[in-house]
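First up is the structure itself, then whatever we jot down about it.
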Amino acid sequence: MSKLVKTVVVVGIPGVGKTTVLNIAVNELLAKGYVVKVINFGDYMLQELIQQGLVRSRDEIRLLPLKIQREVQE
Numbered sequence: 000m001s002k003l004v005k006t007v008v009v010v011g012i013p014g015v016g017k018t019t020v021l022n023i024a025v026n027e028l029l030a031k032g033y034v035v036k037v038i039n040f041g042d043y044m045l046q047e048l049i050q051q052g053l054v055r056s057r058d059e060i061r062l063l064p065l066k067i068q069r070e071v072q073e
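Mapping to numbering that gives the first Met the number 0: the sequence shown position 11 is 10, numbers consecutive.
Here it is as structure tokens:
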């Protein structure tokens, strides 16, 4: 039997409830026996920016010039 892989992307401005909605959805899917993997792109951005010495916390990312934010997203 082949595996059906679905990808869901959740986006929104800070504080809108992305994490809350995602946690509810993940718990529902896990309860139904689905295998779920959550990847937070912001975690990858934060790690890269910390390594570059540009930020120390996630909150500092939004204070960076948009040009730098876009470069890290690529």
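Positions of the beta carbon are idealized from the N, C-alpha and C atoms, including for glycine.
6 Å CB neighbourhood of Leu-45 in its chain, flanking five on each side removed: By 1-based counting over the sequence shown, the position of residue 45 is 46. Here the set comprises Arg-57.
Rounded separation between Glu-47 and Leu-21 - CA only: Walking along the sequence shown from the start, residue 47 turns up at place 48. Walking along the sequence shown from the start, residue 21 turns up at place 22. Cα to Cα, Glu-47 sits roughly 24 Å from Leu-21.
DSSP state of Asn-39 mapped onto helix, strand, coil: For the purposes of this step, residue 39 is taken as the residue at position 40 of the sequence shown. If DSSP states are grouped into helix, strand and coil, Asn-39 belongs with coil.
Option nearest Val-35 by Cα separation, candidates Gly-41, Lys-5, Glu-73: For the purposes of this step, residue 35 is taken as residue 36 along the sequence shown, with counting starting at 1. The shortest C-alpha separation from Val-35 is found at Lys-5.
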